[in-house]
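> In my numbering, the protein residues as written are 2 to 300.
Ideal placement from N, C-alpha and C gives every residue a C-beta, glycine not left out.
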Amino acid sequence: MTCPRIQLTDCGPQLSRVVAGAWRMDSWNWSPQQRLDWIRGCIELGVTSFDHADIYGGYTVEGLFGEALALEPALRQRIELVTKTGIALTTPARPAHWIKHYNTRAAHIEASVENSLRALRTDWIDLLLIHRPSPLMDPDEIAGAFERLRSAGKVRHFGVSNFTPSQFAMLNARTPLVTNQIELSPLHREPLHDGRLDQATTLRTPPMIWSALGGGRLFGDAPEAQRTRAALEAVANTRGVSLETVVYAWIMRHPSGPLPLTGSQRLPAIAAAVAATRLELDEQEWFSIWQAAAGHEAP
Ligand SMILES: NC(=O)c1ccc[n+]([C@@H]2O[C@H](COP(=O)([O-])OP(=O)(O)OC[C@H]3O[C@@H](n4cnc5c(N)ncnc54)[C@H](OP(=O)(O)O)[C@@H]3O)[C@@H](O)[C@H]2O)c1
Numbered sequence: 002m003t004c005p006r007i008q009l010t011d012c013g014p015q016l017s018r019v020v021a022g023a024w025r026m027d028s029w030n031w032s033p034q035q036r037l038d039w040i041r042g043c044i045e046l047g048v049t050s051f052d053h054a055d056i057y058g059g060y061t062v063e064g065l066f067g068e069a070l071a072l073e074p075a076l077r078q079r080i081e082l083v084t085k086t087g088i089a090l091t092t093p094a095r096p097a098h099w100i101k102h103y104n105t106r107a108a109h110i111e112a113s114v115e116n117s118l119r120a121l122r123t124d125w126i127d128l129l130l131i132h133r134p135s136p137l138m139d140p141d142e143i144a145g146a147f148e149r150l151r152s153a154g155k156v157r158h159f160g161v162s163n164f165t166p167s168q169f170a171m172l173n174a175r176t177p178l179v180t181n182q183i184e185l186s187p188l189h190r191e192p193l194h195d196g197r198l199d200q201a202t203t204l205r206t207p208p209m210i211w212s213a214l215g216g217g218r219l220f221g222d223a224p225e226a227q228r229t230r231a232a233l234e235a236v237a238n239t240r241g242v243s244l245e246t247v248v249y250a251w252i253m254r255h256p257s258g259p260l261p262l263t264g265s266q267r268l269p270a271i272a273a274a275v276a277a278t279r280l281e282l283d284e285q286e287w288f289s290i291w292q293a294a295a296g297h298e299a300p
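1. If you draw a straight line from the alpha carbon of Ser17 to that of Ile210, how long is it in whole angstroms?
2. Look up Ser17 in the DSSP assignment and give the residues it is bridged to.
3. CB of His132 to nearest heavy atom of ligand 1: below 7 Å?
4. Compute every distance between the C-beta of Asp52 and the non-hydrogen atoms of ligand 1, then say whether any falls below 7 Å.
5. Out of Ser162, Thr123, Met171, Arg218, state which residue places its alpha-carbon closest to the alpha-carbon of Pro192.
6. Hey, Tyr249 and Ala213 are a contact pair by Cβ (cut 8 Å); roughly how many whole angstroms apart?
7. Comparing the CB of Phe220 with every heavy atom of ligand 1, is any distance shorter than 7 Å?
8. Quick one: what's got a C-beta closer than 7 Å to Pro33's C-beta in the same chain, skipping five residues either side?
9. Go to Gln182, then tell me how far its beta strand (DSSP E) extends in each direction, as first and last residue.
10. Taking the beta carbon of Trp99 as the centre, do at least 16 other beta carbons fall within 10 Å, making it buried, or is it exposed?
11. With DSSP run on the structure shown, which of helix, strand or coil describes Ala162?
12. Just to check my reading of the structure: Val20 and Leu262 have Cβ atoms closer than 8 Å, yes? What is that Cβ distance to the nearest angstrom?
13. Can you tell me which residues form a DSSP beta bridge with His189?
14. State the DSSP-derived secondary structure class of Ile80, mapped to helix, strand or coil.
15. Cα-Cα, which of Gly59, Leu280, Thr278 is closest to Pro96?
16. Taking only the alpha-carbon atoms, compute the straight-line gap between Asp139 and Ala108 and give it to the nearest angstrom.
17. Is the beta carbon of Thr165 closer than 8 Å to that of Leu9?
18. DSSP three-state call for Ala295: helix, strand or coil?
19. Report yes or no: do the region 50–66 and the region 22–29 share at least 3 C-beta pairs separated by less than 8 Å?
20. Alpha carbon to alpha carbon, how far is Leu218 from Ala226?
21. Near Thr176, what residues of its chain come up, given a Cβ to Cβ distance below 8 Å and the 5 sequence neighbours on each side ignored?
22. Could you spell out the range, first to last residue, of the beta strand (DSSP E) harbouring Asp127?
23. Whose C-beta lies closer than 6 Å to the C-beta of Gly13 among residues of the same chain, with five residues either side of it excluded?
24. Quick test of your reading: Thr229 and Ala294, contact by CB under 8 Å. State the CB separation rounded to the nearest angstrom.
25. With Ile143 as the anchor, note down where its alpha helix (DSSP H) starts and where it stops.
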């Protein structure tokens with residue numbers, strides 16, 4: 002079984018349907034060889050796309066990944082790198098920042114990409130996202146930065162993350178965006194109803210989905226999590242798959258064509274997401290999970 006691929010818009014990048022998230026990599030405390038083994042393991046599952054941000058691990062994760070990639074540079078041709086810019090953290094690594102803020106000025110975006118290229122030890126980024134919408138963002142300025150990065154061959158495609166539909170439309174009117182990376186899970190259902198997934202379906206910009214398992218909350222003791230697990234388990238038992246596979250199938254059932262990100266360091270957990278690409282839930286299965294999570298039946 003290998004993970005299928007999906008094209009984001011007619012002229013966007015082709016990514017693996019399941020994308021491996023690297024956010025938590027600094028907490029894994031792995032050697033470069035262990036990180037390389039993880040990257041290789043993902044590729045063997047067909048999960049060739051990796052999600053980063055400049056700020057992950059306090060600006061360290063891209064470097065950890067790049068260090069592992071340097072052990073086998075030829076792997077770069079077999080993977081797609083997604084990264085983000087636009088959040089500015091206060092850490093010793095950025096002494097000039099005296100308050101956490103968003104920065105979508107062209108100079109910040111372009112400098113951030115230079116840092117990401119250096120840290121990831123690559124000549125190009127496949128997809129760059131604006132991490133969070135800033136109230137101060139100027140779409141013309143962002144579009145100008147994107148155009149310079151594109152013509153320099155440094156970034157091939159662009160998108161956003163955590164944008165509302167109107168924010169997405171504003172920037173998309175100036176420069177073509179291929180995705181909005183958003184949170185969605187049985188425990189976080191807002192995008193089903195707030196227009197973000199409707200917009201993704203309308204524009205054929207498949208959304209990338211973060212914290213599909215609620216960042217691990219799904220496995221906690223909260224009543225909502227317990228109810229949801231019971232419903233997931235019922236479907237999992239009928240279908241002969243794992244509970245995690247049912248969660249990813251629940252997400253991918255949406256007609257916008259979501260690409261779930263995994264957050265796990267464990268390859269079997271990533272394989273559980275890949276298995277979901279072959280499982281189509283029917284309406285009643287899907288709503289049984291929605292109802293358990295919401296705590297009431299569909300109105
Ligand atoms: N754009 C944004 O604003 C944004 C925000 C957050 C995240 N992201 C991206 O989304 C990716 C995924 O987010 P996430 O890490 O919150 O995803 P997630 O898959 O919902 O949560 C992963 C966490 O749950 C734990 N977990 C516990 N039980 C698990 C099980 N049975 N199966 C799998 N995992 C289990 C994992 O631990 P183990 O490692 O021990 O399995 C890991 O710590 C991130 O890496 C990042 O790339 C983007």
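The structure says:
1. Walking along the sequence shown from the start, residue 17 turns up at place 16. Walking along the sequence shown from the start, residue 210 turns up at place 209. Between Ser17 and Ile210, the alpha-carbon positions lie close to 13 Å from each other.
2. For this step, residue 17 is matched to residue 16 along the sequence shown. Ser17 is bridged to Arg6.
3. Here residue 132 refers to the residue found at position 131 of the sequence shown. Indeed, a heavy atom of ligand 1 lies less than 7 Å from the Cβ.
4. Taking the sequence shown and counting its residues from 1, the one referred to as residue 52 is at position 51. For ligand 1, at least one heavy atom lies less than 7 Å from the Cβ of Asp52.
5. The residue labelled residue 192 in the question sits at position 191 within the sequence shown. Answer by Cα proximity: Ser162.
6. Here residue 249 is taken as the residue at index 248 of the sequence shown, counted from 1. Here residue 213 is taken as the residue at index 212 of the sequence shown, counted from 1. About 6 Å separates the two Cβ atoms, so the contact holds.
7. As a position in the sequence shown, residue 220 is number 219, starting the count at 1. Under cutoff, so the answer is yes.
8. Residue numbering aside, residue 33 sits at position 32 when the sequence shown is read from its first letter. Closer than 7 Å at Cβ, skipping near neighbours: Glu68, Ala69, Leu72.
9. Within the sequence shown, residue 182 is the residue found at index 181, counting from 1. Looking at the DSSP string, the run of the beta strand (DSSP E) that includes Gln182 is 181–184.
10. Counted from its first residue, the sequence shown places residue 99 at position 98. So Trp99 ends up on the exposed side.
11. Translated into positions along the sequence shown, residue 162 becomes position 161. It should be pointed out that residue 162 corresponds to Ser in this sequence rather than to Ala. In the structure shown, Ser162 sits in a strand (DSSP, three-state: E or B).
12. By one-based count along the sequence shown, residue 20 stands at place 19. By one-based count along the sequence shown, residue 262 stands at place 261. Rounded, the Cβ-Cβ distance is 5 Å, consistent with contact.
13. The residue given as residue 189 occupies position 188 in the sequence shown. Assignment of beta-bridge partners to His189 by DSSP yields Ser186.
14. If you number the sequence shown from 1, residue 80 lands on position 79. Under the three-state reduction of DSSP, Ile80 is assigned to coil, being neither helix nor strand.
15. Here the question's residue 96 lines up with position 95 in the sequence shown. Of the listed residues, the one whose Cα sits closest to Pro96 is Gly59.
16. Here residue 139 refers to the residue found at position 138 of the sequence shown. Here residue 108 refers to the residue found at position 107 of the sequence shown. Using only the alpha carbons, I get a separation of about 13 Å.
17. By 1-based counting over the sequence shown, the position of residue 9 is 8. By 1-based counting over the sequence shown, the position of residue 165 is 164. Cβ atoms of Leu9 and Thr165: not closer than 8 Å.
18. Against the sequence shown, residue 295 aligns to sequence position 294. Here Ala295 carries a helix assignment [DSSP, helix/strand/coil].
19. The region 50–66 vs the region 22–29: in contact.
20. Translated into the one-based positions of the sequence shown, residue 218 becomes position 217. Translated into the one-based positions of the sequence shown, residue 226 becomes position 225. The identity of residue 218 in the sequence shown is Arg, whereas the question assumes Leu. If I take the Cα positions, the gap works out to 7 Å.
21. Taking the sequence shown and counting its residues from 1, the one referred to as residue 176 is at position 175. Pro140, Ile143, Ala144, Phe147, Glu148, Phe159.
22. Taking the first residue of the sequence shown as 1, we reach residue 127 at position 126. Where Asp127 is concerned, the enclosing beta strand (DSSP E) starts and stops at 126–131.
23. Counting from one through the sequence shown, the residue named residue 13 turns up at place 12. Taking C-beta separations shorter than 6 Å and ignoring five residues to either side along the sequence, the partners of Gly13 in its chain run His158, Val179, following chain order.
24. Here the question's residue 229 lines up with position 228 in the sequence shown. Here the question's residue 294 lines up with position 293 in the sequence shown. Rounded, the Cβ-Cβ distance is 5 Å, consistent with contact.
25. One-based indexing of the sequence shown puts residue 143 at position 142. Membership of Ile143 in the alpha helix (DSSP H) is indicated by the continuous run 140–152.
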